[in-house]
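Trainee: Here it is: the structure, laid out below.
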Amino acid sequence: MRREIPLGITIFVGFLAIVSFFSPPLEGLGEDFTLFFDIIAVFAFFLGGGNLVRIHATKLIKRKADWVYSIVTLIGFFGMLAAGLLKVGNPGGIAAPVTAPGSLFSTLYFNLNLPLGATMYALLAFYVASASYRAFRAKNREATVLLVAAFVILLGSTPFGTMLTSWIPHSLDILQIPNMAVWTLSAPNLAGQRAIMIGIGLGVVSMSLRLILGIERTYLGDDRG
Amino acid sequence: MGDIRVIIVLLLIGGGLLWLLIRALRGKEVDRRLVFVFILVSVAAPLLLTITFEMKPTPVVQALYDKIENLPAGSKVLLSYDFDPPMAPEVQPMADVVSRHVLARKHKAVFMTLWATGQAQFNITLEEVIHRDFPEARDGVDYVHLGYKAGNEGVLNVIRTDFKKMFPTDVHTVPWDSLPILKRIRSCSDFDLIISLGGGKPGLKEWVLFVGDPTRVPTAGGVTAVVAPMLYPYYPGQMCGLLGGIKGAAEYENYFRDNHPEYAGMETPAMLMMGPQTVAHVVILAFIVIGNVLFVVTRRKEVKR
Chain A
19 MRREIPLGIT IFVGFLAIVS FFSPPLEGLG EDFTLFFDII AVFAFFLGGG
69 NLVRIHATKL IKRKADWVYS IVTLIGFFGM LAAGLLKVGN PGGIAAPVTA
119 PGSLFSTLYF NLNLPLGATM YALLAFYVAS ASYRAFRAKN REATVLLVAA
169 FVILLGSTPF GTMLTSWIPH SLDILQIPNM AVWTLSAPNL AGQRAIMIGI
219 GLGVVSMSLR LILGIERTYL GDDRG
Chain B
43 MGDIRVIIVL LLIGGGLLWL LIRALRGKEV DRRLVFVFIL VSVAAPLLLT
93 ITFEMKPTPV VQALYDKIEN LPAGSKVLLS YDFDPPMAPE VQPMADVVSR
143 HVLARKHKAV FMTLWATGQA QFNITLEEVI HRDFPEARDG VDYVHLGYKA
193 GNEGVLNVIR TDFKKMFPTD VHTVPWDSLP ILKRIRSCSD FDLIISLGGG
243 KPGLKEWVLF VGDPTRVPTA GGVTAVVAPM LYPYYPGQMC GLLGGIKGAA
293 EYENYFRDNH PEYAGMETPA MLMMGPQTVA HVVILAFIVI GNVLFVVTRR
343 KEVKR
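Chains A and B, in that order, give the protein sequences. Quick note: the first sequence uses our numbering, first residue 19, plus one each step. Quick note: the second sequence uses our numbering, first residue 43, plus one each step.
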């Protein structure tokens, strides 16, 4: 029964979702099932939070490698959780939005989370530069095409590209670097992206049918598929 | 004085790169730490010396600007803040300038978010754009913030046909029916334009797939530079405009400021960031050239052996 019940729910809801899309009287039922999904999604927060605490607490207790960072994670997690749940320092009290200006949550968010998040993302610039130096090499024909495309896109996304080729006459403006960058994005890139998307779409349809028809069962822990 | 400092910094960076090129011609590798130093200088110097450039809008950016500009005053625009702090340096400037444009044209702005962090990011727009530039705008009448709802695409599936079912109140727990701005809104079909600002999932792509395309409501947005190429297939059929990365935001800021002189003094963070981006891109390109020179020199030496 541990497998049959979830399988039955998947088949029933899957069919109903498809039928409700094409049948207006059943549209409301489809919406209700979507709401159930949203309720389940909220439980994922508990699951995610619980999992984070379990993993880092275990690491801390067993003094595994880099356990010191787990202390930072746990302090950050419980600190933000307490500030948000209890709405500490919230000028509007418990009924006001959790992000109300002046609240502890807001202060922590704007003074810690925001700059730290932006810094982590900004660090990519250093690694991208180092990787570009090492990886973008004209080793063969394909790598050369990639190299030229990268050159055009990188230059085209800066005013420097405009400055370099602004002397080209209007009749040949396709040769201006910003226009070449736009063409690269809207012609070869577009064709490639569309091919990938159509492939993904067909894959999603086939996987959905396998799930709805009960052929695909790996999500139940059944590796026979 | 400022120009001299800029020229000195650019000469220093250029000279350093030339030195590395000469070393590469002799077959010497560039240490990774040197690459990091060059990137640090090329990003920090333009920021400190405030190097800015005039930007011309590309057609995808111009399309979104024209769409907002040409909607009749009082049109209903839905803006979804679907981003978090790591994306904020790129997306927040877009969110601010697009929101400013929407309110400047006297449209009714309905804000919401599919990301938990989007609610706090909206507070930045509230403080730095709405309260500062539109002190006369009334919450619940000219704009409203509906807040965050968990459920990603599930939320979109519901609001496509019934908005109130998912957002019975605004972020201040004011009931839907008490908000004048929402009087004639039942579903996403009642909006004249939908704008998603983000770069992750759920984001603009999900808005197009789950809402824009089925309801035929014009949909546009702003995304991080790495995501923009993946959204081009939707333009111009299913998407009426796109701001890609900080360049898209800078083009929009420049064009909006030029065409709305009443906001000539507005902050232009994206335009300020174009200086570091331009110098850093040129430095990265120089490193690609140096890398290839080194590759050719090394291969020639190996062939000779």
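Think of the CB as a built atom: it goes at the ideal place given N, C-alpha and C, for glycine as much as any other residue. For clarity, every value in this text was computed on a predicted model and none was experimentally measured.
(1) Strictly under 8 angstroms for the Cβ-Cβ distance: is A:Thr117 near chain B by that measure?
(2) In whole angstroms, give me the CA-to-CA distance for B:Lys118 and B:Leu188.
(3) Using a cut-off of 8 angstroms between C-beta atoms, extract the partners of B:Ala130 located in chain A.
(4) Please report the Cβ distance between B:Ala162 and A:Ser124, rounded to the nearest whole angstrom; I am assuming they are in contact, meaning their Cβ atoms lie under 8 angstroms.
(5) Which residues in the same chain as A:Gly243 place their Cβ atom closer than 7 angstroms to its Cβ, once the five residues preceding and following it in sequence are excluded?
(6) Nearest to B:Asn112 by alpha carbon, out of B:Tyr123, B:Glu96, B:Lys148?
(7) Whole angstroms are fine: how far does the CA of A:Gly174 sit from the CA of A:Val200?
(8) Give me the Cα-Cα distance between A:Ala59 and B:Ala312, rounded to the nearest whole angstrom.
(9) Name the residues in the region 207 to 223 of chain A whose C-beta lies less than 8 angstroms from a C-beta of chain B; which are they?
(10) Give the C-beta separation of B:Leu123 and B:Phe164 to the nearest angstrom, bearing in mind that I take them to be a contact with Cβ-Cβ under 8 angstroms.
(11) Is any non-hydrogen atom of the ligand HEM found closer than 7 angstroms to the C-beta of B:Gly241, if you look at the structure I gave you?
(12) Would you mind sorting A:Phe144 into buried or exposed? The rule is 16 or more other CB atoms within 10 Å of its CB.
(13) Chain A beta carbons: is any one of them nearer than 8 angstroms to that of B:Gln280?
(14) A:Leu99 and A:Ser88 look like a contact to me (Cβ under 8 angstroms); what is the Cβ gap, rounded to whole Å?
(15) Using CA atoms only, rank isn't needed, just tell me which of B:Ala146, B:Met154, B:Gly160 is closest to B:Gln134.
(16) If you run the structure through DSSP and keep just helix, strand and coil, what is B:Phe233?
(17) What span of residues does the alpha helix (DSSP H) with B:Ala312 cover, start to end?
(18) Specify the secondary structure class of B:Lys118 as computed by DSSP and reduced to three states.
(19) What's the gap between the Cα of A:Lys105 and the Cα of B:Ser141?
(20) Need the endpoints of the alpha helix (DSSP H) that B:Ala137 sits in, please.
(21) Beta strand (DSSP E) containing B:Tyr185: first to last residue?
(22) Using alpha carbons as the reference points, say which of B:Arg174, B:Cys282, B:Arg68, B:Leu221 lies closest to B:Val250.
(23) Which two residues bound the contiguous alpha helix (DSSP H) that contains B:Ala105?
(24) So, does the region 337 to 345 of chain B touch the region 313 to 324 of chain B, judging by three or more C-beta pairs under 8 angstroms?
(25) On the three-state DSSP scale, how would you describe A:Met215?
(26) Between the C-alpha atoms of B:Arg47 and B:Trp61, what's the straight-line distance to the nearest angstrom?
(27) I'd like the span of the alpha helix (DSSP H) that includes B:Val152, first residue to last.
(28) Across which residues does DSSP place B:Asp181 in a beta bridge pair?
(29) Mind pulling the chain A residues with CB within less than 7 angstroms of B:Lys150?
(30) What are the partner residues of B:Pro217, as DSSP defines its beta bridges?
(31) Entirely within the region 19 to 71 of chain A and at least 3 residues each: give me those beta strand (DSSP E) ranges in chain order.
(32) Is there a C-beta anywhere in chain A that falls below 8 angstroms from the one on B:Lys289?
(33) Across which residues does DSSP place B:Val265 in a beta bridge pair?
(34) What residues match up with B:Tyr274 in a beta bridge as DSSP calls it?
(35) With a cut-off of 8 angstroms, does the C-beta of A:Ser7 fall near any C-beta of chain B?
(36) Can you check which of these residues, A:Pro43, A:Glu49, A:Ile112, is closest to B:Thr203 by C-alpha distance?
Mentor: Reading from the atomic positions:
(1) Along the first sequence, one-based indexing puts residue 117 of chain A at 99. True, the Cβ-Cβ gap to chain B drops below 8 angstroms.
(2) Residue 118 of chain B sits at position 76 when you count from the first residue of the second sequence. Residue 188 of chain B sits at position 146 when you count from the first residue of the second sequence. Approximately 14 angstroms between the Cα atoms of the pair.
(3) Position 88 of the second sequence, counting from 1, holds the residue named residue 130 of chain B. Residues of chain A passing the Cβ test: Leu132, Gly135, Ala136.
(4) Taking the second sequence and counting its residues from 1, one reaches residue 162 of chain B at position 120. Taking the first sequence and counting its residues from 1, one reaches residue 124 of chain A at position 106. Yes, they are in contact, since the Cβ atoms of B:Ala162 and A:Ser124 sit about 7 angstroms apart, within 8 angstroms.
(5) Reading the first sequence from its first residue, position 225 is the one you call residue 243 of chain A. Low confidence applies to A:Gly243: its pLDDT is 46, below 50, so where it sits in the model is not reliable enough to give any reading.
(6) Indexing the second sequence from 1 puts residue 112 of chain B at position 70. The shortest C-alpha separation from B:Asn112 is found at B:Lys148.
(7) Along the first sequence, read from residue 1 onward, the residue named residue 200 of chain A stands at position 182. Along the first sequence, read from residue 1 onward, the residue named residue 174 of chain A stands at position 156. Going from the Cα of A:Val200 to the Cα of A:Gly174 covers about 8 angstroms.
(8) Here residue 59 of chain A refers to the residue found at position 41 of the first sequence. Here residue 312 of chain B refers to the residue found at position 270 of the second sequence. The alpha-carbon atoms of A:Ala59 and B:Ala312 are separated by roughly 35 angstroms.
(9) Asn207, Leu208, Gln211, Arg212, Met215
(10) Reading the second sequence from its first residue, position 81 is the one you call residue 123 of chain B. Reading the second sequence from its first residue, position 122 is the one you call residue 164 of chain B. Before going on, a small fix: residue 123 of chain B reads as Tyr here, not Leu. The pair is a contact, with the Cβ atoms about 5 angstroms apart (cut-off 8 angstroms).
(11) Absence of the ligand HEM from the depicted structure is noted, as is the absence of any ligand whatsoever, leaving it without description.
(12) Your numbering for residue 144 of chain A matches position 126 in the first sequence. By the 10 Å Cβ count, A:Phe144 comes out buried.
(13) In the second sequence, the residue the question calls residue 280 of chain B occupies position 238. For B:Gln280, the answer is no, since every Cβ of chain A falls outside 8 angstroms of its Cβ.
(14) The residue you call residue 99 of chain A lines up with position 81 of the first sequence. The residue you call residue 88 of chain A lines up with position 70 of the first sequence. With a beta-carbon spacing of about 16 angstroms, A:Leu99 and A:Ser88 fall beyond the 8 angstroms limit used to define contacts.
(15) Numbered from its first residue, the second sequence carries residue 134 of chain B at position 92. Checked all of B:Ala146, B:Met154, B:Gly160; the closest Cα to B:Gln134 is B:Gly160.
(16) Looking up residue 233 of chain B in the second sequence gives position 191. B:Phe233: coil per DSSP, three-state reduction.
(17) Position 270 of the second sequence, counting from 1, holds the residue named residue 312 of chain B. Run containing B:Ala312: 311 to 346, per the alpha helix (DSSP H) assignment.
(18) Working through the second sequence from its first residue, we reach residue 118 of chain B at position 76. Strand, per DSSP.
(19) Reading the first sequence from its first residue, position 87 is the one you call residue 105 of chain A. Reading the second sequence from its first residue, position 99 is the one you call residue 141 of chain B. If you take the alpha carbons of A:Lys105 and B:Ser141, they lie about 28 angstroms apart.
(20) Position 95 of the second sequence, counted from the first residue, corresponds to residue 137 of chain B. Start and end: 130 to 146.
(21) As a working mapping, residue 185 of chain B is identified with position 143 in the second sequence. B:Tyr185 -> beta strand (DSSP E) spans 185 to 190.
(22) Taking the second sequence and counting its residues from 1, one reaches residue 250 of chain B at position 208. Ranking B:Arg174, B:Cys282, B:Arg68, B:Leu221 by Cα distance to B:Val250 puts B:Cys282 first.
(23) Position 63 of the second sequence, counted from the first residue, corresponds to residue 105 of chain B. That run of the alpha helix (DSSP H) goes 101 to 112.
(24) no
(25) Taking the first residue of the first sequence as position 1, residue 215 of chain A is located at position 197. Helix, per DSSP.
(26) Translated into the one-based positions of the second sequence, residue 47 of chain B becomes position 5. Translated into the one-based positions of the second sequence, residue 61 of chain B becomes position 19. Going by the C-alpha atoms only, they are around 21 angstroms apart.
(27) Sequence index remark: in the second sequence, residue 152 of chain B carries index 110 (1-based). From DSSP, B:Val152 is part of no alpha helix (DSSP H) but of the beta strand (DSSP E) over 150 to 155.
(28) Against the second sequence, residue 181 of chain B aligns to sequence position 139. B:Asp181 is bridged to B:Tyr185.
(29) Residue 150 of chain B sits at position 108 when you count from the first residue of the second sequence. Correct list: empty, because the minimum Cβ distance to chain A is about 21 angstroms.
(30) Within the second sequence, residue 217 of chain B is the residue found at index 175, counting from 1. As computed with DSSP, B:Pro217 is found in a beta bridge with B:Thr211.
(31) none
(32) Position 247 of the second sequence, counting from 1, holds the residue named residue 289 of chain B. So yes, B:Lys289 belongs to the interface.
(33) Sequence index remark: in the second sequence, residue 265 of chain B carries index 223 (1-based). The partner list for B:Val265 (beta bridge, DSSP) reads B:Gly240, B:Gly286.
(34) Taking the second sequence and counting its residues from 1, one reaches residue 274 of chain B at position 232. DSSP lists no partner for B:Tyr274.
(35) The shown model of chain A, from 19 to 243, leaves out residue 7 of chain A, and the question about it has no answer.
(36) Numbered from its first residue, the second sequence carries residue 203 of chain B at position 161. Checking every option, the nearest Cα to that of B:Thr203 belongs to A:Glu49.
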